[in-house]
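Working notes, structure below.
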Amino acid sequence: MLMTALYIAFALIAVALLLNVISLARGPSIPDRVLSLDTLYINSIALIIVYGIAESSTIHFEAALLIAMLGFVSTAALCKYMVRGDIIE
Amino acid sequence: MSAQLPMLLELLLSVLIVFGAALVLIGSIGLIKLPDFFTRLHAPTKATTLGMGSLLIASLIFTSFVTGDLHVQQLLITLFLFITAPIAAHMLAKTALHMRIQTVERTANADLQKAARERTAPQPAIDSASPDQ
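So the protein sequences, as listed, match chains A and D. Residue 19 in our numbering is what sits at position 19 of the first sequence, and the numbering runs on without skipping anything. Numbering-wise, our numbering comes out as the position in the second sequence, counting from 1, plus 89.
What follows is the structure in structure tokens.
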């Protein structure tokens with residue numbers, strides 16, 4: 001039963017990632033694209049976590065934590081760049 | 090999958106995983122369906138964050154049961170995501186206000202956009218008469 005749930009979760013998250021890529025290519029303005037990238041990295045963390053459950057290993061969580069931190073920093077830097085025209089003033 | 094889980098625990102984990110993945114998908118559908126940027130901002134920052142919380146709790150329960158001791162790394166990711174998602178959404182909303190992104194017609198209190206755009210950060214009060222200067 002758990003493997004079935006994991007396969008369903010893989011499929012749902014894969015569709016979500018595909019929709020994010022479509023939104024990234026389509027988004028009419030730059031903040032739309034940044035929001036798509038933000039959602040894309042959060043969904044990739046979800047995929048890594050489900051894969052970690054399926055493999056029953058704990059190595060993947062460091063990668064997930066790394067993606068979470070770098071993704072937030074990159075979103076903050078892009079927002080700062082768009083508002084102020086500079087990242088570090 | 091070598092672990093033998095009790096029936097009830099397996100049911101709980103399956104429900105949590107499918108619920109979390111469905112919420113992640115709902116967030117992405119909202120991202121692609123909603124009409125303008127400010128409505129689009131709602132879908133990933135709320136639905137996806139709740140889905141991630143559900144998935145990470147499932148992972149926490151599973152790993153703690155399989156290895157036999159409490160794993161707090163998953164809780165760390167949950168905490169980090171729950172702290173950073175509203176901050177990222179706030180920064181993106183400020184950016185969109187700054188870049189004058191068009192809103193849909195029926196946006197309530199649309200006249201407050203100008204006030205929000207022109208608001209600056211509060212300046213620290215400079216007290217020239219303070220004795221330690």
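By construction, the Cβ of each residue, glycine as well, lies at the ideal position given by its N, Cα and C atoms. Predicted model, so just to flag it, every value in this text is computed and none were measured.
Take the Cβ of residue i as the centre, count every other Cβ of all protein chains shown within 10 Å, and call the residue buried at 16 or more, exposed below.
i: I106 of chain D; result: buried
i: G119 of chain D; result: buried
i: T152 of chain D; result: buried
i: G157 of chain D; result: exposed
i: P95 of chain D; result: exposed
i: M1 of chain A; result: exposed
i: L17 of chain A; result: buried
i: I59 of chain A; result: exposed
i: A11 of chain A; result: exposed
To the nearest whole angstrom, what separates the beta carbons of residue i and residue j, a pair I think is in contact under 8 Å?
i: V155 of chain D; j: S56 of chain A; result: 6 Å
i: I190 of chain D; j: F108 of chain D; result: Contact doesn't hold; Cβ gap of about 32 Å is too wide.
i: L186 of chain D; j: A205 of chain D; result: 6 Å
Considering only the alpha carbon of each residue, which of the options lies closest to residue i?
i: I13 of chain A; options: A:I59, A:H60, A:E62, A:L47; result: A:L47
i: L65 of chain A; options: A:S36, A:A77, A:S74, A:I49; result: A:I49
i: I41 of chain A; options: A:I67, A:F10, A:H60; result: The question names Ile, but residue 41 of chain A in the sequence shown is Tyr. When only C-alpha atoms are compared, the closest one is A:I67.
i: L144 of chain D; options: D:I166, D:R129, D:H131, D:V193; result: D:I166
Under 8 Å, Cβ to Cβ, is there at least one residue of chain C near residue i?
i: F154 of chain D; result: Absent from the structure: chain C. Protein chains present are A and D.
Check each residue of the stretch 42 to 60 of chain A: if its Cβ is closer than 8 Å to any Cβ of chain D, include it; give the result in chain order.
For the stretch 42 to 60 of chain A, which is checked against every Cβ of chain D, the residues closer than 8 Å are I42, N43, I45, A46, I49, V50, G52, I53, A54, S56, T58.
Closer than 7 Å between beta carbons: that is the criterion. Which residues of the stretch 179 to 207 of chain D meet it against chain A?
Those would be M180, L181, K183, T184, A185, H187, M188, I190, in chain order.
Residues of the stretch 123 to 142 of chain D with a CB closer than 9 Å to any CB of chain A: list them in chain order, please.
Hits within the stretch, in order: F126, R129, L130, A132, P133, T134, T137, T138, G140, M141.
Name, going along the chain, the residues of the stretch 4 to 19 of chain A whose beta-carbon falls closer than 9 Å to a beta-carbon of chain D.
Within the stretch 4 to 19 of chain A, contact with chain D at the beta-carbon level (separation under 9 Å) is assigned to T4, A5, L6, I8, A9, F10, A11, L12, I13, V15, A16, L17, L18, L19.
In chain order, what residues of the stretch 109 to 123 of chain D put their CB closer than 8 Å to some CB of chain A?
Residues G109, A110, A111, V113, L114, G116, S117, I118, L120, I121.
Chain A contacts made by the stretch 144 to 171 of chain D, where a contact means CB separation under 8 Å
Correct list: L144, L145, A147, S148, F151, T152, V155, T156, H160, Q162, Q163, L165, I166, F169, L170.
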